[in-house]
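Novice: Please see the structure below; I have some questions.
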Amino acid sequence: MSEDAAEPVRELVDAVYRSESRRVLATLIRLLGEFDLAEEALHDAFTAAVERWPRDGVPANPRAWLVSVGRFKAIDTLRRRVRFDASLAVLAQRLEADTSADTGGDEEGVEDDRLRLIFTCCHPALPPDAQVALTLREVCGLTTEEIARAFLTSAPTVAQRIVRAKGKIRDARIPYQLPSRADLPDRLDTVLRVVYLVFNEGYSASSGESLTRHDLSSEAIRLGRLLIELLPEPEAVGLLALMLLHESRRSARTSPAGELVLLDDQDRSLWHRDQIAEGSALVERALSSRRFGPYTLQAAIAAVHAESPSAAATDWAQIVGLYDVLARADPSPVIELNRAAAVAMRDGPGAGLALIDAILVRGDLGDYHLAHSARADLCRRLGRTAEARASYERALGLTRQEPERRFLERRLGELSRY
Amino acid sequence: MRYLCLIYEDQKQMSAMSKSELDAFIGEYFAFTDDIKKSGHYLGGEALQPVQTATTVRVRNGKVSPTDGPFAETKEQLGGFYLINARDLNDAIQVAAKIPGARWGSVEVRPIMEFDQQ
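Heads up: the sequence lines are chains E and H, in that order.
Letter by letter, the first sequence follows residues 258 to 675 in our numbering.
Letter by letter, the second sequence follows residues 286 to 403 in our numbering.
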């Protein structure tokens, strides 16, 4: 085949890599029983594809071909290593003898492998930051450098987390399997927490390397979509809805100058209608299952906001009602704080302030800047300027985000005009 | 694969138990040990005397120095262990979760380092 003819094939290999490499990897890990060996095999299989497909033609089922070639390459690798480590002989023999090995031809088997990979990367025996790094690396295919940039940390730190996690999977023998029915709710919780953590990391940082950060949110949404495709549990559906509804407001959350814009003041024409429609439909779906939890309830609250034409026209009574249910399902001071802000909108700032003060008096959220800025805002609306100033200053002392700092300083500046 | 399950318990909580509570607790341990013998997980296991009876031994420059301790700085102390055989970590976690002490204290599950016998 000539050079001219090889070019389209190379593009095809690239396309297959983008769409299939994570599936091939997931199956190879099951067949080979080891992450590093599977990654090497994946790399070897695609190298072989670049060499052979232009010459021999593209196989009818590229994925099955890649799994099969990867498996044989791994057996070669093991045979070479046996010279240094005799214990590998057994594994190499077992792999060679296992001719019935499922090479990822059938759809269902492949999807199970992808789920196995997700559940293994998010195994609760791994530290949370390692779960995040490993999921982004193995399930999403991000490079170590990309993960490091997104989390504002160094590549060697991320690499070390991943190496340690793989070491624990191997040495403590974390199995490559789907959780049992009985374990599924807890194990799914861990997976959802990892996905939400990735999303939040991309969502709550609104300055600096905004582009990379935005990629992280899209990556989380992609993971969320993959998850409900493989395992349509109500809370997974609820989490995807929540992410889409938050994401729909992204461009309205910051002014052109990069300043933070609160929900009440956002230009709602900038909200992304397609994401709102998709998110709202998913909320309905999760709610109708009657097995929903905190993610679905938060998504339902976000949906009420998303469908309101303005802050004033928002159905605050419904929002307070949803917070009541949420506070029972997942009691936490932060949820109480958000409920207090909704009560302030429904019943007036005085009612909200009493609730926030009750939380602070109890000794909760004293170090949480948003509790103090919410309190400051309500005091400002009640005309209690001195108290508002004290609370804004307290919030300012606690925040670590630059846009939030500028926002609070602006509010303080406005106060002094009264 | 072999795992060591190290059981950490609050000794104060244990010593505050009444005679009947303690008997029931020990009964649970006997029942648990029977269960994991039947399931084939059991390889060994013992309860330890309280931490006040412990002695720490160090050898420095060839000199043996036995001292009292370790001192009970943390609330939970090593109170006993099981050595089990499990298929994988998930299997080991299932076994560890049924150890009676896991409901009050905690159980550390550590894979045993296997050396090649050449």
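Don't be surprised by glycine CBs; every beta carbon is placed ideally from N, CA and C.
All values reported here derive from a predicted model rather than from experimental measurement.
Excluding five sequence neighbours on each side, which residues of the same chain lie with their C-beta closer than 6 Å to the C-beta of ARG646(E)?
Specialist: As a working note, residue 646(E) is residue 389 in the first sequence. These residues qualify, in order along the chain: LEU672.
Novice: How would you label LEU517(E), buried or exposed, when you count the other beta carbons within 10 angstroms and need 16 or more for buried?
Specialist: The count along the first sequence starts at 1 and reaches residue 517(E) at position 260. Counting Cβ neighbours within 10 Å, LEU517(E) comes out buried, since at least 16 surround it.
Novice: Is ASN370(H) close to chain E? Criterion is C-beta to C-beta, closer than 8 Å.
Specialist: Stepping through the second sequence from its first residue, residue 370(H) is reached at position 85. So no, ASN370(H) is outside the interface.
Novice: Any heavy atom of the ligand HEM closer than 7 Å to the beta-carbon of ASP634(E)?
Specialist: Because no ligand of any kind appears in the structure shown, any question about the ligand HEM cannot be addressed here.
Novice: For VAL392(H), name the three-state secondary structure that DSSP assigns.
Specialist: Here residue 392(H) is taken as the residue at index 107 of the second sequence, counted from 1. If DSSP states are grouped into helix, strand and coil, VAL392(H) belongs with the strands.
Novice: Helix or strand or just coil, what does DSSP make of TYR625(E)?
Specialist: Position 368 of the first sequence, counted from the first residue, corresponds to residue 625(E). The answer is coil: DSSP assigns TYR625(E) none of H, G, I, E or B.
Novice: Against chain E, with Cβ distances strictly below 8 Å, would ASP373(H) count as a contact?
Specialist: Within the second sequence, numbered from 1, the residue matching residue 373(H) stands at position 88. So, interface residue.
Novice: In chain H, what lies closer than 7 Å to ALA652(E) by C-beta?
Specialist: Working through the first sequence from its first residue, we reach residue 652(E) at position 395. Within chain H, no residue comes near ALA652(E); the closest Cβ sits about 36 Å away, beyond 7 Å.
Novice: Please state the DSSP three-state secondary structure of PHE341(E).
Specialist: Here the question's residue 341(E) lines up with position 84 in the first sequence. Residue state, collapsed to three classes: coil.
Novice: If you compare alpha carbons, which of PHE408(E), ALA439(E), GLN575(E) is closest to ASN375(H)?
Specialist: Counted from its first residue, the second sequence places residue 375(H) at position 90. That would be ALA439(E), whose Cα lies nearest to the Cα of ASN375(H).
Novice: With LEU655(E) and ARG662(E) assumed to form a contact (beta carbons below 8 Å), what rounded beta-carbon distance in angstroms separates them?
Specialist: On the first sequence, position 398 is the one that residue 655(E) refers to. On the first sequence, position 405 is the one that residue 662(E) refers to. About 10 Å; that fails the 8 Å criterion.
Novice: Going by DSSP in three states, ILE369(H) sits in which element: helix, strand or coil?
Specialist: Within the second sequence, residue 369(H) is the residue found at index 84, counting from 1. Strand.
Novice: Below 8 Å on the Cβ atoms is my guess for GLU361(H) versus TYR293(H); work out the distance and round it to an integer in Å.
Specialist: Here the question's residue 361(H) lines up with position 76 in the second sequence. Here the question's residue 293(H) lines up with position 8 in the second sequence. Their Cβ separation, rounded to whole angstroms, is 4 Å, which keeps GLU361(H) and TYR293(H) in contact under 8 Å.
Novice: For LEU307(H), count neighbouring C-beta atoms within 10 Å of its own C-beta (all shown protein chains included) and say buried if the count is 16 or more, exposed if not.
Specialist: Here the question's residue 307(H) lines up with position 22 in the second sequence. Label assigned to LEU307(H): exposed.
Novice: With distance defined between alpha-carbon atoms, name the residue in ARG651(E), ALA560(E), ALA390(E), SER589(E) nearest to ALA407(E).
Specialist: For the purposes of this step, residue 407(E) is identified with residue 150 of the first sequence, where counting begins at 1. It is ALA390(E) whose Cα lies nearest to the Cα of ALA407(E).
Novice: Runs of 4 residues minimum, wholly inside the segment 551-587 of chain E: which ones carry the alpha helix (DSSP H) assignment?
Specialist: Segments of the alpha helix (DSSP H) lying fully in the segment 551-587 of chain E: 551-563, 573-586.
Novice: Does ASP401(H) get closer than 8 Å to chain E when you measure Cβ to Cβ?
Specialist: Taking the second sequence and counting its residues from 1, the one referred to as residue 401(H) is at position 116. Closer than 8 Å to some Cβ of chain E, the Cβ of ASP401(H) qualifies, so yes.
Novice: Does the CB of ALA422(E) have a neighbour CB from chain H at under 8 Å?
Specialist: In the first sequence, counting from the first residue as 1, residue 422(E) sits at position 165. Answer no: the Cβ-Cβ gap between ALA422(E) and chain H never drops below 8 Å.
Novice: Contact criterion: CB-CB distance below 8 Å. Does ARG619(E) meet it with respect to chain H?
Specialist: Residue 619(E) sits at position 362 when you count from the first residue of the first sequence. Not one chain H Cβ lies under 8 Å of ARG619(E).
Novice: Would you identify the three-state DSSP class for LYS348(H), choosing helix, strand or coil?
Specialist: Counted from its first residue, the second sequence places residue 348(H) at position 63. The answer is strand: DSSP assigns LYS348(H) an E or B state.
Novice: If you reduce the DSSP assignment to three classes, tell me which class GLY290(E) lands in.
Specialist: The sequence position of residue 290(E) within the first sequence is 33, counting from 1. Three-state result, GLY290(E): coil.
Novice: Helix or strand or just coil, what does DSSP make of ALA597(E)?
Specialist: One-based indexing of the first sequence puts residue 597(E) at position 340. Helix.
Novice: Strictly under 8 Å for the Cβ-Cβ distance: is PRO396(H) near chain E by that measure?
Specialist: Taking the first residue of the second sequence as 1, we reach residue 396(H) at position 111. Closer than 8 Å to some Cβ of chain E, the Cβ of PRO396(H) qualifies, so yes.
Novice: What is the DSSP secondary structure of ARG287(H), counted as helix, strand or coil?
Specialist: Here the question's residue 287(H) lines up with position 2 in the second sequence. Residue state, collapsed to three classes: strand.
Novice: Helix or strand or just coil, what does DSSP make of ALA514(E)?
Specialist: Mapped onto the first sequence, residue 514(E) falls at position 257. If DSSP states are grouped into helix, strand and coil, ALA514(E) belongs with coil.
Novice: Between LEU372(E) and LEU487(E), which are expected to be in contact by the criterion C-beta below 8 Å, what is the C-beta distance as a whole number of angstroms?
Specialist: Translated into the one-based positions of the first sequence, residue 372(E) becomes position 115. Translated into the one-based positions of the first sequence, residue 487(E) becomes position 230. At roughly 5 Å, the Cβ-Cβ gap stays under 8 Å, so LEU372(E) and LEU487(E) are in contact.
Novice: Below 7 Å on C-beta distance, what does MET286(H) contact in chain E?
Specialist: Within the second sequence, the letter at position 1 stands for residue 286(H). Those are ARG430, listed as they occur along chain E.
Novice: With distances taken between CB atoms, is the gap from CYS378(E) to GLU476(E) smaller than 8 Å?
Specialist: In the first sequence, counting from the first residue as 1, residue 378(E) sits at position 121. In the first sequence, counting from the first residue as 1, residue 476(E) sits at position 219. No; because the gap between Cβ atoms is not below 8 Å, this pair is not in contact.
Novice: Alpha helix (DSSP H) containing TYR453(E): first to last residue?
Specialist: Position 196 of the first sequence, counting from 1, holds the residue named residue 453(E). Where TYR453(E) is concerned, the enclosing alpha helix (DSSP H) stretches over 441-460.
Novice: If you measure between the beta carbons of PHE292(E) and TYR274(E), is that distance less than 8 Å?
Specialist: Residue numbering aside, residue 292(E) sits at position 35 when the first sequence is read from its first letter. Residue numbering aside, residue 274(E) sits at position 17 when the first sequence is read from its first letter. Against a cut-off of 8 Å, the Cβ pair of TYR274(E) and PHE292(E) comes out as no contact.
Novice: Taking the C-alpha atoms as reference points, what is the distance between ALA332(H) and PRO351(H)?
Specialist: To locate residue 332(H), count along the second sequence from 1; it is residue 47. To locate residue 351(H), count along the second sequence from 1; it is residue 66. Answer to the nearest angstrom: the Cα atoms are 23 Å apart.
Novice: Taking just the CA atoms, how far does LEU610(E) sit from ARG667(E)?
Specialist: Within the first sequence, residue 667(E) is the residue found at index 410, counting from 1. Within the first sequence, residue 610(E) is the residue found at index 353, counting from 1. Between ARG667(E) and LEU610(E), the C-alpha separation is close to 22 Å.
Novice: Rounded to whole angstroms, what's the CA-CA distance from MET286(H) to GLY366(E)? Just pull it up for me.
Specialist: Counting from 1 along the second sequence, the entry for residue 286(H) is found at position 1. Counting from 1 along the first sequence, the entry for residue 366(E) is found at position 109. If I take the Cα positions, the gap works out to 27 Å.
Novice: Given a threshold of 16 other Cβ atoms within 10 Å of its Cβ, counted over all protein chains shown, does SER630(E) qualify as buried or as exposed?
Specialist: Numbered from 1 along the first sequence, position 373 holds the residue referred to as residue 630(E). With 16 or more Cβ atoms within 10 Å of its Cβ, SER630(E) is classed as buried.
Novice: Run through chain H and tell me which residues come within less than 7 Å of ALA382(E), C-beta to C-beta.
Specialist: Along the first sequence, one-based indexing puts residue 382(E) at 125. Under the 7 Å cutoff, chain H gives LEU374.
Novice: From the DSSP secondary-structure annotation, give me the bridge partner or partners of TYR433(E).
Specialist: In the first sequence, the residue the question calls residue 433(E) occupies position 176. Answer is none; TYR433(E) lacks a bridge partner.
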